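The structure appears below as structure tokens.
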Amino acid sequence: MGKKYIPIIIGAAQFTQRKGTPQPLDSLSLMVKTGQDAIKSTHARRIINFIDAIYMVNISSWSYEDAPGELAKKLNIQPKEKIYLPDGGQSPQMLVNRAVKAIVSGKHRCILITGGEAAYSINKLFKGLRPKHWPKKKPPKYMYGENWDITEIDKKYSLYFPSLTYAIFETALRASSGRSIEEHNEYMGELMERFSKVASKNPLSWSQKYLSAKEIATPYPENRRVVYPYTKRMCANNFVDQAGTIILTSEAIAKSLNIDKKHWIYIMGGVDLKNINQIYRRPRLDSSPAIKEGSRIALEQAGLELSDIDKFDLYSCFPSIVEIFIKELGIKEGDPRDLTVTGGLPYFGSPLSNYSLHAIINTVELIRSDPSLKIMVIANGGYNTKQSIGIYGSKPPKEDWGVRDDSKIQESILAQTLPEPIEQANGTLTIDGYSIIYDRSEQPKRGVLVGTHVNGQRAVAIVTDPNLIAILESRDVVGITCLSQYNPEIDRNVVVSIDLEIDKRKK
12 MGKKYIPIII
22 GAAQFTQRKG
32 TPQPLDSLSL
42 MVKTGQDAIK
52 STHARRIINF
62 IDAIYMVNIS
72 SWSYEDAPGE
82 LAKKLNIQPK
92 EKIYLPDGGQ
102 SPQMLVNRAV
112 KAIVSGKHRC
122 ILITGGEAAY
132 SINKLFKGLR
142 PKHWPKKKPP
152 KYMYGENWDI
162 TEIDKKYSLY
172 FPSLTYAIFE
182 TALRASSGRS
192 IEEHNEYMGE
202 LMERFSKVAS
212 KNPLSWSQKY
222 LSAKEIATPY
232 PENRRVVYPY
242 TKRMCANNFV
252 DQAGTIILTS
262 EAIAKSLNID
272 KKHWIYIMGG
282 VDLKNINQIY
292 RRPRLDSSPA
302 IKEGSRIALE
312 QAGLELSDID
322 KFDLYSCFPS
332 IVEIFIKELG
342 IKEGDPRDLT
352 VTGGLPYFGS
362 PLSNYSLHAI
372 INTVELIRSD
382 PSLKIMVIAN
392 GGYNTKQSIG
402 IYGSKPPKED
412 WGVRDDSKIQ
422 ESILAQTLPE
432 PIEQANGTLT
442 IDGYSIIYDR
452 SEQPKRGVLV
462 GTHVNGQRAV
472 AIVTDPNLIA
482 ILESRDVVGI
492 TCLSQYNPEI
502 DRNVVVSIDL
512 EIDKRKK
């Protein structure tokens with residue numbers, strides 16, 4: 012790696028627009044604010060003459076024809092490249108990894124990465140109606156990347172709802188852990204309490220109220236059950252107004268602009284990998300080969316061991332993804348290291364695809380305060396699908412960026428894809444994971460499970476019988492069998508019985 016192409020972060024800014032703000036800003040205006048603040052934070056106004064690319068995370072709460080172009084005009088930037096992504100929580104870290112490679116290759120001199128949402132204002136304050144001071148909605152005229160591949164099976168069984176899918180992972184994780192229902196509920200509460208504690212001390216958190224494990228895990232009117240086994244306070248809070256911006260350049264440009272070295276933050280390692288797309292075509296519901304392999308790759312690039320990482324920011328839309336990351340990283344029970352630098356998606360806030368940019372900004376601020384720190388950020392998109400890792404510190408990476416080829420590792424992960432599931436599943440299924448969807452009054456609507464048919468193929472089925480739903484609520488049924496019948500009237504597989512006599516797990 013030529014020295015002049017060693018990439019660093021030199022600017023970072025974020026903003027939380029509070030409830031009750033008069034004339035609240037729309038998403039793009041929030042990005043304008045953080046863009047201006049990030050530029051100021053470099054202490055080098057001339058940096059705008061070097062910014063030749065804008066990378067923008069998808070905006071879900073509003074829509075603009077050319078959001079990166081409009082931002083460029085307001086910041087007086089003339090980018091050669093504008094990237095606007097589809098939705099996906101992996102996006103911020105993925106864009107950092109992409110920006111680093113673009114700087115290393117000499118494609119760009121300086122890159123601004125940004126994202127922002129005003130989901131609270133538009134959904135809760137204005138009830139979906141456009142405020143007079145906001146621009147009219149226009150569909151984006153360009154988008155870089157692929158949208159999510161939602162299949163007909165996903166639609167039939169509501170597997171496109173993240174809360175349901177991650178809850179199915181949760182019951183699979185509970186079974187593999189050997190915990191009882193009660194023990195696992197306590198575990199989830201204690202795990203997420205660690206996030207709430209960090210959020211309570213973060214002045215930019217959407218909610219700074221400290222929640223105990225019991226307050227998180229116990230259902231009550233303000234903490235209703237959403238899907239089994241999740242309460243509302245275990246789930247990401249998307250209704251927030253938050254934005255963030257970072258600026259990357261090379262050491263050479265930073266030196267030419269006299270930017271103080273104590274403000275330089277290095278991306279010591281990073282990787283982007285994805286798991287098998289459809290959850291029912293994965294060999295396991297409680298794992299992430301992308302993180303197992305990706306963390307190893309990123310640590311090797313950084314020249315570090317996992318024990319060298321001082322803090323983590325693990326994407327935390329639901330407890331199951333945190334548990335999967337802990338498992339794949341090999342973080343031991345009782346490890347005191349922080350799992351979040353912000354407070355996480357349920358408590359700091361979940362500005363939809365842009366959450367991890369806030370984690371990166373907090374990481375920058377922490378390392379500037381203590382240059383000895385090394386922090387790992389893991390961003391997650393889809394349904395434990397696309398994952399991007401970044402390791403940050405005050406020193407350059409051990410191994411160069413841009414010379415590694417991860418394609419063989421990616422191919423090996425996708426090579427484990429199971430056959431298409433049985434669409435008309437009649438016969439016995441062994442339950443691999445399940446959940447229950449509740450209405451807003453906490454009444455069960457239906458159960459959904461993923462199972463393995465006696466012929467070895469996967470299948471998805473619903474549970475509508477109230478007596479069977481009661482079994483799903485009161486027993487851990489992962490690993491036991493049920494009888495599925497295809498119902499042509501509703502074009503769904505329906506569970507008609509659960510065999511509680513065949514229980515492979517000790518209760």
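Using our numbering, read the sequence shown as starting at 12 and increasing by one per residue.
Every residue gets a Cβ at the ideal spot worked out from N, C-alpha and C, and that includes glycine.
For clarity, every value in this text was computed on a predicted model and none was experimentally measured.
Check                                                                                                                                                                : Outcome
Around the C-beta of aspartate 450, are 16 or more other C-beta atoms found within 10 angstroms, so that it is buried, or is it exposed?                             : exposed
For isoleucine 258, is the classification buried or exposed, using 16 other Cβ atoms within 10 angstroms of its Cβ as the cut-off for buried?                        : buried
Within a Cβ cutoff of 7 Å, which residues of the same chain sit near arginine 295, ignoring the five residues on either side of it in sequence?                      : none
Going along the chain, which residues of its own chain have a beta-carbon closer than 7 Å to the beta-carbon of alanine 186, five neighbours each way excluded?      : Asp487, Val489, Gly490 and Arg516
Got a sec: is the Cβ-Cβ distance from leucine 315 to anything in chain B below 9 Å?                                                                                  : Of the protein chains in the structure, only one exists, and it is not chain B.
When you compare the CB positions of asparagine 395 and serine 495, do they come within less than 9 Å of one another, or not?                                        : no
Let's see if you can read the secondary structure: which residues bound the beta strand (DSSP E) around serine 281?                                                  : A small correction: the amino acid at residue 281 is glycine; serine does not occupy that position in the sequence shown. Element bounds for glycine 281: 276-285.
Let me know if aspartate 416 comes out buried or exposed under the rule of 16 or more other beta-carbons within 10 Å of its beta-carbon.                             : exposed
Taking 6 Å as the limit between beta carbons, can you name the residues of its chain near lysine 30, skipping five residues before and five after?                   : none
When you compare only the Cα positions, how much space is there between proline 230 and threonine 242?                                                               : 6 Å
Please classify histidine 195: is it buried, with 16 or more other beta-carbons within 10 angstroms of its beta-carbon, or exposed?                                  : buried
Kindly indicate which residue of Asp77, Lys322 and Ile482 has the alpha-carbon position closest to the one of leucine 350.                                           : Lys322
Can you tell me whether threonine 45 is helix, strand or coil according to DSSP?                                                                                     : helix
Consult DSSP for histidine 195 and reduce its assignment to one of helix, strand or coil.                                                                            : helix
Which class does threonine 475 belong to by DSSP, given the choice of helix, strand or coil?                                                                         : coil
In angstroms, rounded to a whole number, what distance separates the CA positions of serine 211 and glycine 354?                                                     : 7 Å
Look up glycine 341 in the DSSP assignment and say whether it is helix, strand or coil.                                                                              : coil
Taking threonine 45 and threonine 125 to be in contact with their CB atoms under 8 Å, please state how far apart those CB atoms are, rounded to whole angstroms.     : 7 Å
Using a Cβ-Cβ cut-off of 6 Å (strictly less than) and excluding sequence neighbours within five positions of methionine 12, which residues of its own chain qualify? : In this predicted model, methionine 12 has a pLDDT of only 41, less than 50, meaning its place in the structure is not dependable; the value taken from the coordinates is given anyway. Counting only Cβ-Cβ distances below 6 Å, and skipping sequence neighbours, we find Asp411.
Exposed or buried, asparagine 365, counting other C-beta atoms within 10 Å across all chains shown (16 or more means buried)?                                        : buried
From the DSSP output, in three-state form, read off alanine 390 for me.                                                                                              : strand
How long is the line joining the alpha carbons of serine 367 and glycine 127, rounded to whole angstroms?                                                            : 11 Å
Please check the pair isoleucine 400 and glycine 281, which I expect to be a contact at CB under 8 Å, by giving their CB distance rounded to whole angstroms.        : 6 Å
Mark histidine 144 as exposed unless 16 or more other C-beta atoms lie within 10 angstroms of its C-beta, in which case mark it buried.                              : exposed
On the DSSP bridge list, what partners appear for isoleucine 402?                                                                                                    : Gly280 and Met387
Between tryptophan 24 and the rest of its own chain, which residues show a CB-CB distance below 6 Å, the 5 nearest in sequence each way excluded?                    : Checking the sequence, you will find alanine at residue 24 rather than tryptophan. So the qualifying residues of the chain are Thr45, Asp48, Ala49, Ser52 and Thr256.
Could you pull the start and end residues of the beta strand (DSSP E) that glycine 458 belongs to?                                                                   : 455-464
Going by beta carbon distance, what residues of the same chain come within less than 6 Å of tyrosine 171, once the five residues before and after it are set aside?  : Ile161 and Asp165
Classify glutamine 253: buried if its beta carbon has 16 or more other beta carbons within 10 angstroms, exposed otherwise.                                          : buried
On the DSSP letters alone, give me the boundaries of the beta strand (DSSP E) that glycine 444 sits inside.                                                          : 438-449
Note down the Cα distance separating lysine 208 from glutamate 226, rounded to an integer number of angstroms.                                                       : 13 Å
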